[in-house]
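For the record, in the sequence shown the residue sitting at position 185 is 185 according to the UniProt record's numbering, with numbers rising by one throughout. From the three backbone atoms N, C-alpha and C, an ideal C-beta is built for every residue, glycine too.
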Amino acid sequence: MEKYKQIIIFCVISMLVQDLFSQSNSQNYIVSTTFLDEAGTQNLDVINYYDGLGRETQTIYKNVTCTQGDLVTCKDYDGMGRVYREWMPLPFSNNNGNFIQSGAWTDRDIDEPYTKVIYEPSSLSRIIETWGVGLEWHKRKGIEKKYLFNDNSALLSAVCFRVENNRLKKTGKYKWHDLYVEYTNNEDGHEMYIFTDKLGNLVLERRVNGDEYIDTYYVYDEHDKLRFVLPPLAADELTSATDGFFEMKNDNVLGKYAYVYKYDSRNRCNYKKLPGCAEINMTYDIHGNLIFSDNGELRKKDLVEFYRYDKYNRIIMRGVISAPNFDWKTNSYQGTYEIYNGNSRCYGYSNSTGLDIATKDIHEVYYYDDYSFLNLFEEYIDSLTYKPREGYGMQYVDEQVAHLSSNGLQTGSLKKIIGDDNKLFINASYYDNKRRLVQSRTNNYMGGYDCYYYQYDYVGNVLRKIHSHNDPTNTVFGYEELYTYSYDAGKRLIECKHKLKSGKERLLCRNSYDEYGRVIEKSYTEKCKTTYDYNMRNQLTNIQFDDLYNQTYVLTNGGNIERTDWYCDNIDFRHTYTYTYDKLDRLVSAKHTANDEIASQIVDYQKYDGKPLYDVQYEYDKHGNITHLQRLGYTREYNVRSLDDLTYQYNGNQLMSIEATENAQYINNFEDEVHDAEECFYDLNGNLVRDNNRNLQNIDYNYLNLPQQIYYGKQDAGKVIFYTYATDGTKLRALYATGTNNILSPIGVLNTNVDNDIIYSDSTVYCDNSIYVNGKLDKILLPDGYVQVTYRTIRGRLVAFYDYYYTIKDHQGSARINIAEEYLDNRPSEGCRKALSYYPFGKAMNNWISWVVPFKDPYTYTGKKEETMHGLGWYDYGKRFYDPNYRLSFVSVDPLCEKYYSISPYAYCANNPINAIDLNGDSIWYTIDKDIVTMHVTGKIIDSSSDGINVNRAASDIASGIS
Numbered sequence: 001m002e003k004y005k006q007i008i009i010f011c012v013i014s015m016l017v018q019d020l021f022s023q024s025n026s027q028n029y030i031v032s033t034t035f036l037d038e039a040g041t042q043n044l045d046v047i048n049y050y051d052g053l054g055r056e057t058q059t060i061y062k063n064v065t066c067t068q069g070d071l072v073t074c075k076d077y078d079g080m081g082r083v084y085r086e087w088m089p090l091p092f093s094n095n096n097g098n099f100i101q102s103g104a105w106t107d108r109d110i111d112e113p114y115t116k117v118i119y120e121p122s123s124l125s126r127i128i129e130t131w132g133v134g135l136e137w138h139k140r141k142g143i144e145k146k147y148l149f150n151d152n153s154a155l156l157s158a159v160c161f162r163v164e165n166n167r168l169k170k171t172g173k174y175k176w177h178d179l180y181v182e183y184t185n186n187e188d189g190h191e192m193y194i195f196t197d198k199l200g201n202l203v204l205e206r207r208v209n210g211d212e213y214i215d216t217y218y219v220y221d222e223h224d225k226l227r228f229v230l231p232p233l234a235a236d237e238l239t240s241a242t243d244g245f246f247e248m249k250n251d252n253v254l255g256k257y258a259y260v261y262k263y264d265s266r267n268r269c270n271y272k273k274l275p276g277c278a279e280i281n282m283t284y285d286i287h288g289n290l291i292f293s294d295n296g297e298l299r300k301k302d303l304v305e306f307y308r309y310d311k312y313n314r315i316i317m318r319g320v321i322s323a324p325n326f327d328w329k330t331n332s333y334q335g336t337y338e339i340y341n342g343n344s345r346c347y348g349y350s351n352s353t354g355l356d357i358a359t360k361d362i363h364e365v366y367y368y369d370d371y372s373f374l375n376l377f378e379e380y381i382d383s384l385t386y387k388p389r390e391g392y393g394m395q396y397v398d399e400q401v402a403h404l405s406s407n408g409l410q411t412g413s414l415k416k417i418i419g420d421d422n423k424l425f426i427n428a429s430y431y432d433n434k435r436r437l438v439q440s441r442t443n444n445y446m447g448g449y450d451c452y453y454y455q456y457d458y459v460g461n462v463l464r465k466i467h468s469h470n471d472p473t474n475t476v477f478g479y480e481e482l483y484t485y486s487y488d489a490g491k492r493l494i495e496c497k498h499k500l501k502s503g504k505e506r507l508l509c510r511n512s513y514d515e516y517g518r519v520i521e522k523s524y525t526e527k528c529k530t531t532y533d534y535n536m537r538n539q540l541t542n543i544q545f546d547d548l549y550n551q552t553y554v555l556t557n558g559g560n561i562e563r564t565d566w567y568c569d570n571i572d573f574r575h576t577y578t579y580t581y582d583k584l585d586r587l588v589s590a591k592h593t594a595n596d597e598i599a600s601q602i603v604d605y606q607k608y609d610g611k612p613l614y615d616v617q618y619e620y621d622k623h624g625n626i627t628h629l630q631r632l633g634y635t636r637e638y639n640v641r642s643l644d645d646l647t648y649q650y651n652g653n654q655l656m657s658i659e660a661t662e663n664a665q666y667i668n669n670f671e672d673e674v675h676d677a678e679e680c681f682y683d684l685n686g687n688l689v690r691d692n693n694r695n696l697q698n699i700d701y702n703y704l705n706l707p708q709q710i711y712y713g714k715q716d717a718g719k720v721i722f723y724t725y726a727t728d729g730t731k732l733r734a735l736y737a738t739g740t741n742n743i744l745s746p747i748g749v750l751n752t753n754v755d756n757d758i759i760y761s762d763s764t765v766y767c768d769n770s771i772y773v774n775g776k777l778d779k780i781l782l783p784d785g786y787v788q789v790t791y792r793t794i795r796g797r798l799v800a801f802y803d804y805y806y807t808i809k810d811h812q813g814s815a816r817i818n819i820a821e822e823y824l825d826n827r828p829s830e831g832c833r834k835a836l837s838y839y840p841f842g843k844a845m846n847n848w849i850s851w852v853v854p855f856k857d858p859y860t861y862t863g864k865k866e867e868t869m870h871g872l873g874w875y876d877y878g879k880r881f882y883d884p885n886y887r888l889s890f891v892s893v894d895p896l897c898e899k900y901y902s903i904s905p906y907a908y909c910a911n912n913p914i915n916a917i918d919l920n921g922d923s924i925w926y927t928i929d930k931d932i933v934t935m936h937v938t939g940k941i942i943d944s945s946s947d948g949i950n951v952n953r954a955a956s957d958i959a960s961g962i963s
């Protein structure tokens, strides 16, 4: 009897469990549950179903859509067990995690919502053709692949380079079938050949651009270490040369174009030569940590950059020390590490290098595990010590062993101002028992402190954040701001609100999502919102901000934006740009049209040499260096003119001169008064130090290759720009000075005695998200706008007033409209009168509204600050500066240029500025046609991958990278 009772109880429990979890018991499955609250009443379930052979067939994200439906992906297998069809994530309502039967997939209002794959008829199961999601793409060309061998034909032949005695040697061509060749022809018909040797080493990357080949060669030594990379222009010259050795010189093809590497006995790179730059030396400790490095400019000044680590291989110190005749082969301190001993000379750490490292030589210090380092800084200790705040996370302190509470975590850091050893920035970070940051305290440039307090939900999403900004120069400039965040059941951000001081709480954004998890609406008030439309590949097709701004996108089969249309109501006519790309996805032309009564009134609008308003044409060399630019525009008199018709000459990848045609009209400080073969000059690290066409007489750089002094010459002599940075590269201050005509500085010489020559100056200080102008707090930056601070004197007391401005951005995060909060609330009849339009590479268009109402948001193109003072016109991208007006490239070498061997280290976004952005001046992020891409710098995620991605994880990764 007892046995029957147990059976009945088991059956009842099984029925309850089946009803509770609602998985299909006829299928094999694994359930992964993430609990969202401490009680376990809220959770996210991911159910993976498998067939009888253990292959994953469906993945179900249970109740994750905005209507509590399931989001489901599916894989179909052929008779060989290969995935031949993969369905895009589709929403299913009232499914509750159950297995989706095959008929339900086809019974949808979307035609063929899956990718298709065709394999070659062999046991190798190599893919020969793929198509993206949707019937519209299935009717077009797919991505074709072929698997070949090299031969002696023009397309499939490859020159053989070897390394002998550290020298590059050409030894003819590879023999037949020595190399594997993978051929790819993408959806837009762009061809690429990848040559690899029998060890899998990449030997040659060949792209086809019309009737020319764009070749990049990779050369290895006998240990299979990469020794030379020959970009296309170097490859052209060396492959056509006779067989034999090629010498490495700064002024020959290897010095101008090639990447060169050498290695130590442990196969660690200890020598690097980048195109157009002096060599870089490096040495390591026994654990493989970089401990010393230099470059051409440091070496010229007898300086070496050093790095020190603790016994856990954590970086604890870096700086620059004077070391004439430095011995790069020394091993006397390669096995040492530093310990914390309270030594004030090295900010608490030991010095086992044998070098005389003083406090002035140390630029950054990092502390771990505990907070004993605070005792070194008596002046700051009270303000940096943890202070609990009700309602926010609490610092975890182990009751038994207090000093282990933050074990393994970075608890603090020290940074300096470059050039000022006495100004320290000290940070202390505090964590809860889940190792989450709950409080951060840092002293700032204004002499005060910036403190952050965080409150989290169970899974680690920030619910509230307080930022307290203290400024001892004037209490009026201090403030406290509160951010509050709310999330839906899928932990997607729903609302972000902001409160400044004791003011009212403002809505910064309210997001609405569709069933696919895409942001379709972003509200700023109950009446004012931005809406987004997508195609079935999740590519953005339309942005609509209320009735004021609209931008639509038409994309090519391969994903490049083919056309954009945009307008801003009551300001401008409707614009259309139609884009043309070459076979390397580089933009070669942008044809502009306009349609409005205003446009028809413009003198000669219809034709200027057969081209309307804002047409642009570009020509490049094989590295993407611009060789010719023609750009149209119109003047204040509404006359269409060729604003730019420029021809560029290079020495390697470095721009040497620009020549202009006589009939062009130049209105942006470019006057082609110099006609020399060499008009631009560079330092040993490849930084632009002089540009005679722009009257830039000398640009001096710090050891991070960031400009710190810019002097103007000729008729602009007396104009100077000074930049101040922290040792981590953060810009702290910009001083724009006008002085006597004799403020000059020779190239490569830092002028430290110019104060007496300055007659007038404007200063801007960057203090976290606070911007000071001439000593007064001017703006507080927000995720989608800013707070403008103005002042009035009331009864003898200075009083601050705060006005909110919202910035509406396009697909690249470029500011398009700047709107005051009063417009969102009151909707004045005259409409919005602050708008921006851009040429493809970021130059603002000279439309009539730009002369009527200035655009107030200082962060414009791709969200970057434009340096407009003294007519500089460069965007600050963090790691380097970018010129959108004439160079259409960066003025310094990409610090991560080895990610893009075939592209010039000065090129902007691989010359595809419509589809790509650069976040920090060191990377290319595509806004479409990639597995994980960004459509807004505020963190919106688009999934255009052929296989589903974890959208939540991707969003977190992208957002953290952007911030």
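Three-way DSSP call (helix, strand, coil) for residue i in this model
i: E38; result: coil
i: K899; result: helix
i: F373; result: helix
i: M536; result: coil
i: A717; result: coil
i: S125; result: coil
i: F881; result: strand
i: S406; result: strand
i: Y392; result: coil
i: R563; result: strand
i: G871; result: helix
i: L688; result: strand
i: K607; result: Summary for K607: the model assigns pLDDT 45, below 50, so the residue's position carries little reliability; its value from the coordinates is reported in the next sentence. DSSP places K607 in coil when its eight states are reduced to three.
i: Y513; result: strand
i: C528; result: coil
Residue range of the alpha helix (DSSP H) that includes residue i
i: Y257; result: V253 to Y257
i: I381; result: I381 to L384
i: R299; result: G296 to K300
i: G103; result: S102 to T106
Unbroken beta strand (DSSP E) run spanning residue i, endpoints
i: residue 1001; result: This structure leaves residue 1001 out entirely; the chain is present only between 1 and 963.
i: L303; result: L303 to Y309
i: H469; result: V462 to H469
i: I47; result: N43 to Y50
i: D778; result: K776 to L782
i: R518; result: Taken as a continuous stretch (DSSP letters only), R518 belongs to no beta strand (DSSP E), as it is neither H nor E.
DSSP beta-bridge partners of residue i
i: I417; result: D420 and A726
i: P91; result: L71
i: L629; result: Y618 and L646
i: D450; result: T442 and H469
i: I794; result: R797
i: H498; result: Y483 and R506
i: T65; result: DSSP, once it has assigned bridges, lists no residue as partnering T65.
CB-CB length for residue i against residue j, believed under 8 Å
i: V208; j: E191; result: 4 Å
i: I357; j: S350; result: Not a contact, Cβ separation roughly 10 Å.
i: V219; j: R206; result: In fact, because the Cβ distance is near 15 Å, the residues do not count as touching under 8 Å.
Ranges of the alpha helix (DSSP H) found wholly within the stretch 224-299, counting only runs of at least 4: 232-239 and 253-257
Those runs of the beta strand (DSSP E) which lie wholly inside the stretch 130-218 and span at least 3 residues: 143-149, 159-164, 167-173, 180-185, 191-196 and 202-209
Complete alpha helix (DSSP H) runs within the stretch 323-361 (minimum length 4 residues, chain order): none
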